[in-house]
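Visitor:
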Amino acid sequence: MLNESWPADLGPVICVVGARPNFMKMAPILRAFSAHHPALPTLLVHTGQHYDRDMNDRLFVDLRLPHPDINLEVGSATHAVQTAEVMRRFEPVVDAQRPSCVLVVGDVNSTLACTLVSAKKEVPVVHVEAGLRSYDRAMPEEINRVLTDQIADRLYTTERSAQANLAREGIAEERVCFVGNVMIDSLLSNREFAHSPTKTLQMAGVDPAVLDDPRGYGVVTLHRPSNVDRAEQLAPLLSVLREVSEQLPLVFALHPRTRANIDRFGLGELLASPRIILLPPQGYLEMLGLLAGAKLVLSDSGGLQEETTALGVPCLTIRENTERPITVEQGTNTLVGCDPQAIRKGVAEILSGTGKTGRVPELWDGRAAERIAADLSQWLLARHARRGS
Ligand code: UD1
């Protein structure tokens with residue numbers, strides 16, 4: 001244990017979550033703080049960017065996340081309104097709590113909003129999963145990443161390419177620390193609790209016999225605005241999924257954005273097949289079980305690229321680029337864009353056994369959060385001592 005006590009005049013670490021992909025990153029960090037540095041006070045703030053039972057509550061339970069100390073309840077809105085509303089509601093929290101730092105994860109709107117508020121109040125910002133770059137500014141997340149990293153005082157990275165990206169943007173090396181991947185901490189610590197795919201389907205009221213295909217089954221997720229917000233983009237993707245399902249049954253966990261757009265564009269017919277199982281967004285343990293048992297995954301998610309690499313399951317990423325290049329270079333990930341021909345080819349390779357196998361990247365060992373807790377507590381104490389108060 002590093003610090004048996006914590007200076008009384010050094011405020012809490014405010015830990016911010018907002019949207020689904022933040023939860024699996026924050027859970028191991030909070031656990032590492034309380035296991036290794038119990039004297040260090042933390043405060044969990046939820047912005048309320050995601051709020052549904054499926055997008056929020058189930059994940060909190062599965063990940064054993066504590067109930068947030070504060071919920072800002074911002075809900076859904078345009079990017080500008082959502083970001084502004086988080087800022088407006090987060091500022092009084094910072095004023096009241098006088099935190100030692102604000103810790104943000106990932107690249108969602110809440111990440112950037114809380115970063116901006118903190119920096120203007122001269123509260124140090126700590127960014128977990130820093131330095132990832134798709135170099136595609138049409139992705140809202142890319143804007144959030146670039147700006148958060150410019151402002152952050154301590155930056156924790158998941159892969160070595162991130163350090164090089166940050167150096168190119170003029171971010172001093174001493175602000176950056178390579179710790180590994182907290183998302184994989186969550187995956188490894190929950191693996192044994194994952195729900196079986198059969199149970200997940202039964203609970204969803206679906207006959208699990210559909211998964212009894214000799215070739216196995218595939219898992220699908222799609223939610224990026226660039227793939228699902230326009231009918232011209234979404235319709236061909238759904239058609240190719242329909243084709244793939246003739247070879248391999250598919251379990252498609254539908255994000256609310258995607259479900260709404262399928263309905264709005266009248267594309268439901270394309271998915272009307274007994275070999276395509278449509279499910280609502282899944283809990284963490286259900287999804288982990290589905291992924292671990294899958295023959296392949298088709299997705300545009302950032303996190304799934306990493307999780308499939310850690311599980312050794314082939315992933316075809318329906319994007320032109322990735323901010324997580326290590327999953328392609330070392331892992332099981334292949335970028336197929338939204339070209340139906342590339343998707344068909346990728347699926348054929350995996351089904352014929354010539355798909356990628358891959359290996360688990362450096363420091364994706366389940367201990368990234370421990371490294372963050374050790375480094376951050378030292379960093380805060382050193383900063384406190386330097387300021388002499
Ligand atoms: C956000 C993140 C994205 C992340 C994704 C995971 C940004 C810019 N984007 O995108 O990086 O991969 O979360 O899901 O922060 N909705 C619900 N219930 C909810 C939340 C949202 O029904 O609990 C619906 C609303 O109609 C909302 C839409 O989903 O308008 C989109 O939600 P939003 O948080 O704006 O963005 P995501 O697409 O989820």
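Numbering (my numbering), first residue to last: 1 to 389. No residue lacks a Cβ here, since even glycine has one placed at the ideal position from N, Cα and C.
1) Could you give the C-beta distance for isoleucine 29 and valine 45, rounded to a whole number, given that I count them as a contact under 8 Å?
2) Give the DSSP-derived three-state secondary structure of isoleucine 276 in the structure shown.
3) Counting beta carbon pairs with one atom in the stretch 212–224 and one in the stretch 236–252, are three or more of them shorter than 8 Å?
4) Which full runs of the beta strand (DSSP E) of 3+ residues lie inside the stretch 214–272, going along the chain?
5) In three-state terms, what does DSSP make of arginine 98?
6) Is glutamate 73 a contact residue of ligand 3, with contact defined as CB to any heavy atom under 7 Å?
7) For histidine 79, tell me which candidate among Glu246, Glu141, Pro68 has the shortest Cα-Cα distance.
8) Per DSSP, what are the beta-bridge partners of serine 377 in this structure?
9) Out of Ile318, Ile276, Lys25, state which residue places its alpha-carbon closest to the alpha-carbon of alanine 209.
10) Along the chain, where does the beta strand (DSSP E) that runs through histidine 46 open and close?
11) Taking the alpha-carbon of serine 100 as reference, which of Leu40, Arg89, Ala260, Ala84 has the nearest alpha-carbon?
12) May I have the straight-line CA-CA distance separating methionine 1 from serine 239, to the nearest angstrom?
13) Taking the beta strand (DSSP E) that serine 161 belongs to, which residues open and close that run?
14) Report back the beta-carbon spacing between glutamine 163 and asparagine 109 to the nearest angstrom; my notes put them in contact at under 8 Å.
15) Output the residue ranges of the beta strand (DSSP E) runs that lie fully inside the stretch 106–156 and measure 3 residues or longer, sorted by chain position.
16) For the beta strand (DSSP E) holding valine 13, just list the boundary residues, first then last.
17) Using beta-carbon positions only, say whether serine 226 and alanine 342 come within less than 8 Å of one another.
18) Exposed or buried, tyrosine 135, counting other C-beta atoms within 10 Å across all chains shown (16 or more means buried)?
19) Taking 8 Å as the cut-off, decide whether the C-beta atoms of glutamate 286 and leucine 132 are in contact.
20) Between which two residues does the beta strand (DSSP E) harbouring asparagine 333 extend?
21) If you compare alpha carbons, which of Asp9, Asp57, Gln82, Arg319 is closest to proline 281?
22) Would DSSP call threonine 354 helix, strand or coil?
23) Between the alpha carbons of asparagine 333 and asparagine 165, how many angstroms are there, rounded?
Guide: Working from what's here:
1) A Cβ-Cβ separation of about 13 Å leaves isoleucine 29 out of contact with valine 45 under the 8 Å criterion.
2) Taken through DSSP and simplified to helix, strand or coil, isoleucine 276 comes out as strand.
3) With the cut-off at 8 Å, the stretch 236–252 and the stretch 212–224 touch.
4) Note on the stretch 214–272: whole beta strand (DSSP E) runs with a minimum of 3 residues are 218–221, 250–253, in chain order.
5) DSSP places arginine 98 in coil when its eight states are reduced to three.
6) In the structure shown, ligand 3 is absent; the only ligands present are ligand 1.
7) Nearest C-alpha to histidine 79: Glu141.
8) Paired residue(s): none; serine 377 is not in a bridge.
9) Proximity to alanine 209 across Ile318, Ile276, Lys25 peaks at Ile276, based on C-alpha coordinates.
10) Going by DSSP, histidine 46 is part of the beta strand (DSSP E) stretching over 42–46.
11) Nearest neighbour of serine 100 by Cα position, chosen from Leu40, Arg89, Ala260, Ala84, turns out to be Leu40.
12) Per-residue confidence for methionine 1 stands at a pLDDT of 49, beneath the threshold of 50, marking its modelled position as unreliable; no derived number is given.
13) Careful: serine 161 lies outside any beta strand (DSSP E), inside the alpha helix (DSSP H) at 160–168.
14) About 25 Å; that fails the 8 Å criterion.
15) Listed in chain order, they are 125–128.
16) Taken as a continuous stretch (DSSP letters only), the beta strand (DSSP E) holding valine 13 covers 13–17.
17) Going by beta carbons, serine 226 and alanine 342 fall outside the 8 Å limit.
18) Counting Cβ neighbours within 10 Å, tyrosine 135 comes out exposed, since fewer than 16 surround it.
19) For glutamate 286 and leucine 132, no; Cβs fall outside 8 Å.
20) Unbroken beta strand (DSSP E) run through asparagine 333: 333–335.
21) Selected option, being the one with the closest Cα: Asp57.
22) DSSP places threonine 354 in coil when its eight states are reduced to three.
23) A straight-line Cα-Cα distance of about 21 Å links asparagine 333 and asparagine 165.
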